[in-house]
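From first to last, the protein sequence lines are chains A and B.
Residues 0 to 192 in numbering that gives the first Met the number 0 are what the first sequence lists, from first letter to last.
Residues 0 to 192 in numbering that gives the first Met the number 0 are what the second sequence lists, from first letter to last.
Using N, Cα and C, we set each Cβ at its ideal position, and we do this for glycine too.
Just so it is clear, the structure is predicted and the values come from calculations on it, not from any experiment.
Report on one structure; see the data block that follows.
Number of protein chains: 2
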Amino acid sequence: MQNILFDFIAKYISLTEDEKNVLLSLDLFHPVKKGTILLKKGQKSRESYFVLKGCIRVYYIKDGEEKTTAFYTELDALTPHCVVNNTPSDYFISCVEDSILLISNADMTVEINSKFPKFDIMCRMLSEELLAKQRIDFDEFKTSSPEQRYLNLLQKRPDLIQRVPQHQLASYLGIKPQSLSRLRARIIEKDKG
Amino acid sequence: MQNILFDFIAKYISLTEDEKNVLLSLDLFHPVKKGTILLKKGQKSRESYFVLKGCIRVYYIKDGEEKTTAFYTELDALTPHCVVNNTPSDYFISCVEDSILLISNADMTVEINSKFPKFDIMCRMLSEELLAKQRIDFDEFKTSSPEQRYLNLLQKRPDLIQRVPQHQLASYLGIKPQSLSRLRARIIEKDKG
DNA sequence: TTCATTACTTAACTTAAGTGAACCAGATAC
DNA sequence: GTATCTGGTTCACTTAAGTTAAGTAATGAA
């Protein structure tokens with residue numbers, strides 16, 4: 000599990016054994032049970048998450064309905080909005096599967112980053128990369144129909160369609176569960192003809 | 000114009016006069032005429048933009064049609080995907096109005112950041128903030144209907160609706176220009192009744 | 001001035017998503 | 001065993017967006 004982390008970090012910066020040991024001494028790794036709610040609406044949190052194994056999900060409750068907007072799986076990093084702005088959270092984060100997460104505290108991160116400027120540089124590279132990647136995702140969403148979005152997801156994250164309930168997938172695609180069912184039936188019908 | 004920049008930077012870090020002078024010596028400020036294309040699809044670029052005055056726009060050409068996905072106005076920063084990943088650009092960037100932009104080269108940025116670690120920290124803070132903000136925008140888009148999106152835009156960026164052509168606004172909202180016209184007529188009708 | 005182009009609107013028709021209800025497993029509780 | 005709950009599909013109906021085409025107003029070029 001630690002090697003997964005170090006391999007990931009190695010894509011950005013190189014760590015000495017000492018630096019690795021500092022990281023390991025921090026007690027960052029946490030197993031989390033399916034269904035656990037990591038963050039609730041209205042809470043202030045200082046925690047960031049990095050998924051080593053499993054899947055976590057961001058959702059809103061709007062008009063009494065759950066609206067899922069994001070899934071984070073292996074090697075995905077999430078710093079909630081409320082951590083960055085120090086405001087109460089607008090959304091919930093819950094655990095879709097039994098998972099192993101790296102959970103870091105913002106205060107801790109500040110301390111580490113000031114001791115090891117390398118980490119700050121890595122954080123900058125990572126945020127810039129995520130910002131650009133998310134931009135592309137957003138653009139694809141905007142310029143696609145629900146059906147295209149589904150087909151696109153089938154290409155890019157086929158695992159999600161298996162491991163996540165349909166009604167959560169539907170709102171992730173910006174539609175209702177009934178529409179997702181219908182849309183899938185339509186695609187199968189097309190493939191036949 | 001320079002003060003606009005320094006006031007912006009002051010929200011993140013404090014600069015000495017020397018540091019300010021280094022920035023000013025770099026010839027970053029550029030007036031850009033309306034209609035200028037700053038980046039074309041397929042190009043590799045190393046340039047980031049910061050809008051001091053005016054408006055620039057990101058758009059794709061998909062199935063022969065322009066699809067506008069973003070507008071950057073006063074105090075917005077944009078580092079294109081192709082700069083981060085050093086790949087050919089998927090999209091175009093053009094200038095909606097006569098504008099004054101701060102244009103910085105990635106190589107130059109790397110040099111400055113290594114000389115002044117402060118800048119690196121500011122870049123990290125800025126990317127994290129933008130990442131979280133964009134996440135919220137994306138979430139709002141996903142969980143709203145076109146009509147709600149339009150009303151939301153009317154609240155948050157009323158200026159955009161005035162300064163940008165309708166057909167560009169439409170694709171920004173994820174719909175066709177005809178639908179935007181209809182949707183606006185519908186809203187006016189509702190307000191009356 | 002005239003002609004062409006462009007941006008925007010309107011309308012009729014098509015297609016697909018939203019809505020509400022019924023239905024059908026599969027899982028859990030009693 | 002039956003009852004219940006949940007997640008998913010299907011159906012009939014409504015609503016809104018896509019499509020195609022036409023019309024209007026403003027802009028710019030010949």
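Uninterrupted alpha helix (DSSP H) stretches at least 4 residues long and entirely within the segment 78-129 of chain A occur at 80-84 and 105-114, given in chain order.
In the DSSP assignment, no residue is bridged to T68 of chain B. In this chain, Y11 of chain B is not harboured by any beta strand (DSSP E), its DSSP state being neither H nor E. R148 of chain A and S113 of chain B have their C-alpha atoms spaced approximately 41 Å apart. Going by DSSP, S47 of chain B is part of the beta strand (DSSP E) stretching over E46 to K52. Straight across, the Cα-Cα distance linking D106 of chain B with I120 of chain A is about 15 Å. Put simply, the CB of F7 of chain A is far from chain B, with every gap to its CB atoms at 8 Å or more. Cβ neighbours of Y59 of chain A within its own chain (closer than 6 Å, five residues either side excluded): K66 and Y90. Straight-line measurement puts the Cα of S170 of chain A at about 14 Å from the Cα of D62 of chain A. Within chain B, the residues whose beta carbon sits less than 8 Å from that of Y59 of chain A are D138 and T142, listed in sequence order. In this structure, the alpha-carbon of L182 of chain A lies about 21 Å from that of F70 of chain A. A direct Cα-Cα distance of roughly 10 Å separates Y11 of chain B from F5 of chain B.
For L74 of chain A, the secondary structure class from DSSP, reduced to helix, strand or coil, is coil. Among the residues of chain A, none has a CB under 9 Å from the CB of A76 of chain B; the nearest is roughly 10 Å distant.
For I120 of chain A, the C-beta contacts it makes with chain B under 7 Å involve D119, in order along the chain. Contact between L27 of chain B and I102 of chain B holds: their C-beta atoms lie close to 6 Å from each other, under 8 Å. Under a 10 Å Cβ-count criterion, G173 of chain B is classified as buried, with 16 or more other Cβ atoms of the shown protein chains found around its own Cβ.
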